[in-house]
Amino acid sequence: MRQWIIQAAHELQLMPTTEGSLDLRLNMTMAQDGYSGTEHNLPGVPLFSDVVELVAQSNMATTPTIVVTYGGPWAENLFYTTTDVLGDAKLATFTPFEEIYSKAARRAPGWFDESQYIHKEISDFIDDVVEAGGRAGIG
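Counting in our numbering, the sequence shown runs from 67 upward without gaps.
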């Protein structure tokens, strides 16, 4: 079924992007099928050269959305716990106060040791893909 979808998309000159769904096998087969992109990081870190090469050679853009990571606590949580969000003048310029306050004044349950965050490993993987000739998005 997925191959039919990608075939129809190619015939219509569409470039479908998929949701990763925390499933590395699904991500890898979508790259092999010819999907043009996937959202969110590939689950599991570290990812090794075989995955880097498959993603790069398939030309499937990967958009890791690092603030919302698969496989670790969201980097957004680290931002709120290590940054003076309510006192950030630049953020206040572009974001309504109510929006900032609702997220910064009281955080959802869950504190994580900084060693649990994986956004650095995800960034390293994306860097490796780009260095190998692949594509990446920002989101």
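Heads up, the beta-carbon is just placed ideally off N, CA and C, and yes, glycines get one too.
Assuming contact is defined by CB atoms lying nearer than 8 angstroms, are Y183 and L144 in contact in what I supplied?
Cβ atoms of Y183 and L144: closer than 8 angstroms.
Should D150 be labelled buried (16 or more other beta-carbon atoms within 10 Å of its own) or exposed?
The residue in question, D150, is exposed, as its Cβ has fewer than 16 Cβ neighbours within 10 Å.
CB-CB under 8 angstroms to M81, same chain, minus the five flanking residues each way: which ones, in chain order?
The residues are A75, S102 and G103.
At a cut of 8 angstroms, does the stretch 121-139 reach the stretch 196-203 through at least three beta carbon pairs?
Segments in contact, yes.
Could you give the first and the last residue of the continuous beta strand (DSSP E) run that contains E105?
Looking at the DSSP string, the run of the beta strand (DSSP E) that includes E105 is G103 to E105.
With E85 as the anchor, note down where its beta strand (DSSP E) starts and where it stops.
It spans T83 to E85 - the beta strand (DSSP E) in which E85 sits, taken as one unbroken run.
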